[in-house]
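Colleague:
2 protein chains.
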Amino acid sequence: MWYKHYMNETKTTVSKSQVTSRRLYEISMAHFLEKGFDQTTMRDLAAAAELSLGAFYYHFPNKEAVIQRFYQQSFDSFKYACDSVFAETENIEKRLLGVIEARLKTFEGSREILIVLSRSAVDPRSPLSPFGGDQKEIREKTVSIMREMIESSDLKCEKGLRTYLPELFWMYMMGMILFWVFDESNNQKKTRDFIQQLTPQIVRLIRYTRIPLSGTVLGPLKKTLEMLIGPR
Amino acid sequence: MWYKHYMNETKTTVSKSQVTSRRLYEISMAHFLEKGFDQTTMRDLAAAAELSLGAFYYHFPNKEAVIQRFYQQSFDSFKYACDSVFAETENIEKRLLGVIEARLKTFEGSREILIVLSRSAVDPRSPLSPFGGDQKEIREKTVSIMREMIESSDLKCEKGLRTYLPELFWMYMMGMILFWVFDESNNQKKTRDFIQQLTPQIVRLIRYTRIPLSGTVLGPLKKTLEMLIGPR
DNA sequence: GTCTATAGTGGGATAGAC
DNA sequence: GTCTATCCCACTATAGAC
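Respectively, the protein sequence lines represent chains A and B.
Just so we're on the same page, the numbering used here is the position in the first sequence counted from 1, plus 92.
Just so we're on the same page, the numbering used here is the position in the second sequence counted from 1, plus 92.
Right, dumping it as structure tokens:
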């Protein structure tokens, strides 16, 4: 049974299930943010949605699935935000800063959710591992965003290194997210400051690689990168 | 009630509780390694120890507490191994390699345990967070080991940077442990190779800082380190 | 295809008697 | 220190209403 639904101008078909699961998702997130993930029971959520427990499980196979959806959606808004960053400037430093800021913004106010997310993400067997399961796709898309960011930018650097940069920037961003998760300072200000400080230095180092002299450092480095990321 | 217990030469007093909890620990670890952490139930463990469930909880407040003990013990043997590394050579590169190898060796054969450990460690509120709870002490001790490693070594580098190295090496080691957790290659060979490759380069870069010219890079870097680690 | 109602399992954790 | 009994909750199963 399908319900035709018209939303301003754009014609979209939305199943009843999609409507309900969206409702459940929103109610769940509200509860998680208020009471905490562990403190919220599936019965709480079902009751709040005035739905039976079984029906809730019909829409979400388990509690974590709800925050998987959050991760999905946060990625979508991140991707969207990147587009405007790229439209704004070709400067690689500003772009990289903008992209990381955009990513953290998608997590703002949901730090506990992200902690739960990271908890599973460090487990290589979990579906939330950036290398293994459902999240692999997001990782690849994020690397692609980094690639796009670099290609259309003003960045000039040693050619060989350049091919590794998308993955390297992805790792850098992941590191900053981890830093943010641990950052207990007010509104994670420490993380923001740190990123502002560190990013220009990284970019500067990368630009330095154009100087031929840098070959002594660059040679072994490239072999290391190959081990880390894979051959190019 | 105390039980006097004599062990070859050295007189030691051991409470009944200590004996039991040690027994429980060993039985538990055996089960974890065989069946996996999540697959092993507290009831399994209690039954294997021929103890009631409640009695088990008297000795360990929860399932994770058992692997906390593993972490404690693994640290002790790590510390011991470091002493012989330091006795062997003053060369900083060999020392750093030796220390990290020693650390990974303490985790060998218990990768799943370490995954569970990391899972909790990324949660800043968990007692297993390296910054917050019980593990804070181990982090500080590990940083001290790094400090000892540097001070009695042949490493010469820029003075200011030197004060940050203990924490930096600790982070480096933690990173390599995380890499190892994710490394699905045979016996985590990839991690080993990567460390062998990367470590000499890092040491080389650090040595370069003696060259006065390097000030342009070093100036901002030190400010960044201060934000990362704290003022010196 | 969506949901209710209900019953049940398994397992982490706890209370309180002994 | 150890026990028994119990709680709570994630999750499953199923039968059937609409």
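In this text, a Cβ means the ideal position worked out from N, Cα and C, and glycines have one as well.
(1) For THR255 (chain B), collect the residues of the same chain with a Cβ closer than 8 angstroms to its Cβ; drop the 5 residues on either side in sequence, then sort them by chain order.
(2) Indicate, with yes or no, if the ligand MG has a heavy atom lying under 7 angstroms from the CB of TYR149 (chain B).
(3) Considering only residues of the same chain and omitting the five flanking positions on each side of PRO216 (chain A), which have a CB-CB separation below 8 angstroms?
(4) Roughly how many angstroms lie between the CA atoms of ILE287 (chain A) and ILE159 (chain A), to the nearest whole one?
(5) Taking only beta-carbon positions, decide if SER210 (chain A) is within less than 8 angstroms of chain B.
(6) Could you check which residue in A:THR133, A:LYS314, A:VAL106 has the C-alpha nearest to that of ILE119 (chain A)?
(7) Of all the CB atoms in chain A, is at least one closer than 8 angstroms to the CB of PRO219 (chain B)?
(8) Under the rule that 16 or more other beta-carbon atoms within 10 Å means buried, what is GLN131 (chain B), buried or exposed?
(9) Could you give the DSSP three-state label for SER120 (chain B): helix, strand or coil?
(10) Which residues in the same chain as ASP136 (chain B) place their Cβ atom closer than 7 angstroms to its Cβ, once the five residues preceding and following it in sequence are excluded?
(11) Using a Cβ cut-off of 8 angstroms (strictly closer), state whether LEU310 (chain B) contacts chain A.
(12) Anyone know if the C-beta pair for ILE192 (chain A) and MET265 (chain A) falls short of 8 angstroms?
(13) Under 8 angstroms Cβ-Cβ, which residues of chain B neighbour ILE226 (chain A)?
(14) Does PHE274 (chain B) get closer than 8 angstroms to chain A when you measure Cβ to Cβ?
(15) DSSP state of VAL111 (chain B), grouped into three classes?
(16) When burial is assigned at 16 or more other CB atoms within 10 Å of the CB, is ALA147 (chain A) buried or exposed?
(17) Check LEU104 (chain B) in the structure and name its three-state DSSP category.
(18) Could you tell me which of A:ALA138, A:GLU185, A:ALA173 sits nearest to ARG195 (chain A), measuring between CA atoms?
(19) Taking only the alpha-carbon atoms, compute the straight-line gap between PRO292 (chain A) and ASP285 (chain A) and give it to the nearest angstrom.
(20) Given that a residue counts as buried once 16 or more other Cβ atoms are within 10 Å of its Cβ, and exposed if not, what is GLY190 (chain A)?
(21) Suppose contacts are defined by Cβ-Cβ distances below 8 angstroms. Is THR316 (chain A) in contact with LEU253 (chain A) by that definition?
(22) With distances taken between CB atoms, is the gap from ARG296 (chain A) to LYS248 (chain A) smaller than 8 angstroms?
(23) Are ASP275 (chain B) and GLU182 (chain B) touching if we call contact CB-CB under 8 angstroms?
(24) Can you tell me whether ALA179 (chain A) is buried or exposed, with buried defined as 16 or more other CB within 10 angstroms of its CB?
(25) Can LEU116 (chain B) and ALA141 (chain B) be called in contact, C-beta distance under 8 angstroms?
(26) Around the C-beta of TYR98 (chain A), are 16 or more other C-beta atoms found within 10 angstroms, so that it is buried, or is it exposed?
(27) Just the Cα atoms here: how many angstroms apart are GLU200 (chain A) and LEU220 (chain A)?
(28) Using a Cβ-Cβ distance cut-off of 8 angstroms, determine whether ILE207 (chain B) contacts chain A.
(29) From this set, B:TRP262, B:ILE184, B:PHE271, which residue's C-alpha is nearest GLU232 (chain B)'s C-alpha?
(30) Please check if any C-beta of chain A sits within less than 8 angstroms of the C-beta of MET319 (chain B).
(31) Quick check on this structure: which residue in B:MET319, B:PRO258, B:MET268, B:LEU257 has the alpha carbon closest to the alpha carbon of LYS282 (chain A)?
(32) Which residue wins for smallest C-alpha separation from LEU305 (chain A), given the options A:GLU250, A:VAL235, A:PRO153, A:VAL106?
(33) With a threshold of 16 other CB atoms inside 10 Å of the CB of THR308 (chain B), please say whether the residue is buried or exposed.
(34) Pull up the CB-CB distance for GLY128 (chain B) and GLU204 (chain B), whole angstroms please, since I reckon it's below 8 angstroms.
(35) With SER169 (chain A) and THR198 (chain A) assumed to form a contact (beta carbons below 8 angstroms), what rounded beta-carbon distance in angstroms separates them?
Modeller: Inspection of the coordinates gives the following:
(1) Cβ within range, chain order: ARG324.
(2) This structure lacks the ligand MG, and indeed carries no ligand of any kind.
(3) PHE223, GLY224
(4) 26 angstroms
(5) Yes, SER210 (chain A) counts as interfacial toward chain B.
(6) A:THR133
(7) no
(8) exposed
(9) helix
(10) HIS123
(11) no
(12) yes
(13) The sequence as given places Asp at residue 226 (chain A); Ile does not occur at that position. Scanning chain B for C-beta atoms nearer than 8 angstroms to the C-beta of ASP226 (chain A) yields nothing, as the closest lies near 17 angstroms away.
(14) yes
(15) helix
(16) Looking at its Cβ environment, which holds fewer than 16 other Cβ atoms inside 10 Å, ALA147 (chain A) is exposed.
(17) Leu is not the amino acid found at residue 104 (chain B); the sequence shown has Thr there. Correct three-state label for THR104 (chain B): strand.
(18) A:ALA173
(19) 12 angstroms
(20) Classified as buried, GLY190 (chain A) has 16 or more neighbouring CB atoms from the shown chains inside 10 Å of its CB.
(21) no
(22) no
(23) no
(24) ALA179 (chain A) is exposed by the Cβ-count criterion.
(25) At a Cβ-Cβ threshold of 8 angstroms, LEU116 (chain B) and ALA141 (chain B) count as neighbours.
(26) Note that TYR98 (chain A) has pLDDT 46, beneath the 50 cutoff, so the model's placement of it is unreliable and the number below is only indicative. TYR98 (chain A) should be labelled exposed.
(27) 20 angstroms
(28) yes
(29) B:TRP262
(30) Cβ-Cβ to chain A under 8 angstroms: yes for MET319 (chain B).
(31) Ranking B:MET319, B:PRO258, B:MET268, B:LEU257 by Cα distance to LYS282 (chain A) puts B:MET319 first.
(32) A:GLU250
(33) exposed
(34) With 8 angstroms as the limit, GLY128 (chain B) and GLU204 (chain B) qualify as a contact, their Cβ atoms being about 6 angstroms apart.
(35) 5 angstroms
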